[in-house]
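Trainee: In the numbering used here, the protein residues as written are 55 to 221. Even for Gly, the Cβ is constructed at its ideal location relative to N, Cα and C. Take a look at this one; I'll ask things after.
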């Protein structure tokens, strides 16, 4: 199964008894429809409705979530989430030591998912798994970019600017 280490991606964890309610109120993703083992796209919007931050969100447990975003905006995203947290009982932290790896298989029914992988739901005809944790160097970043583009998956910074595009 081909893979690529995504060095330009970062993870933010949000956990605690109020984490789901807090995130549901500020993000575009319907967390009630987020199943364990899935990674769904989402965004935090400006008051005008423009994309301020985009990400993939996955559920880690009953009260925990991982938000995968661009590494160069991760610190700003954490600060913005902290600003909106107010009195919610939710811990927000950037996961500095965690790497993001993506692997794919042209057979859309193929999957080797386990508790550390999340199916990327944006892809319809290709089985794409995102892994968070230790990763080996290498992989084929060019093949990943070609697959992403062929499937019409836009990426902020590359395909559209944050703060200027509508979802």
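Leaving out five residues on either side along the sequence, give the residues of the same chain with a beta carbon under 7 Å from the beta carbon of residue 79.
Mentor: To locate residue 79, count along the chain shown from 1; it is residue 25. Hits under 7 Å: none found.
Trainee: Considering only the beta carbon of each residue, do residue 187 and residue 170 sit closer than 8 Å?
Mentor: Position 133 of the chain shown holds residue 187. Position 116 of the chain shown holds residue 170. Yes. Within cutoff.
Trainee: Buried or exposed for residue 60, going by 16 or more other Cβ atoms inside 10 Å?
Mentor: Stepping through the chain shown from its first residue, residue 60 is reached at position 6. Residue 60 comes out buried.
Trainee: Compare the C-alpha of residue 185 against each of 218, 111 and 97 and name the closest.
Mentor: As a position in the chain shown, residue 185 is number 131, starting the count at 1. Closest option to residue 185, Cα to Cα, is 111.
Trainee: Within the continuous beta strand (DSSP E) that includes residue 76, where are the two ends?
Mentor: Taking the first residue of the chain shown as position 1, residue 76 is located at position 22. Note, residue 76: premise wrong, no beta strand (DSSP E); alpha helix (DSSP H) at 73-80.
Trainee: Any chance you could list the beta strand (DSSP E) runs of at least 3 consecutive residues sitting entirely within the segment 172-215, in chain order?
Mentor: Here the runs fully enclosed are 181-187.
Trainee: Any chance the segment 175-182 sits against the segment 65-74, with 3 or more Cβ pairs inside 8 Å?
Mentor: No, they do not touch.
Trainee: Tell me, to the nearest whole angstrom, how far the beta carbon of residue 107 is from that of residue 97; I am working on the premise that it is less than 8 Å.
Mentor: Counting from 1 along the chain shown, the entry for residue 107 is found at position 53. Counting from 1 along the chain shown, the entry for residue 97 is found at position 43. Contact flag correct, Cβ pair sits at about 7 Å.
Trainee: Ordered along the chain, which non-local residues of its own chain (more than five positions away) have a Cβ less than 8 Å from that of residue 103?
Mentor: On the chain shown, position 49 is the one that residue 103 refers to. Hits under 8 Å: 220 and 221.
Trainee: Using a Cβ-based criterion (distance less than 7 Å to any ligand heavy atom), does residue 113 qualify as near the ligand MN?
Mentor: The ligand MN is absent from the structure shown, which contains no ligands of any kind.
Trainee: Note down the Cα distance separating residue 125 from residue 101, rounded to an integer number of angstroms.
Mentor: As a first step, residue 125 is located in the chain shown; it is residue number 71 there, counting from the start. As a first step, residue 101 is located in the chain shown; it is residue number 47 there, counting from the start. Each residue's alpha carbon lies about 24 Å from the other.
Trainee: Taking DSSP as the reference, what is the three-state secondary structure of residue 119?
Mentor: What you label residue 119 is simply residue 65 of the chain shown in a count that begins at 1. Residue 119: strand per DSSP, three-state reduction.
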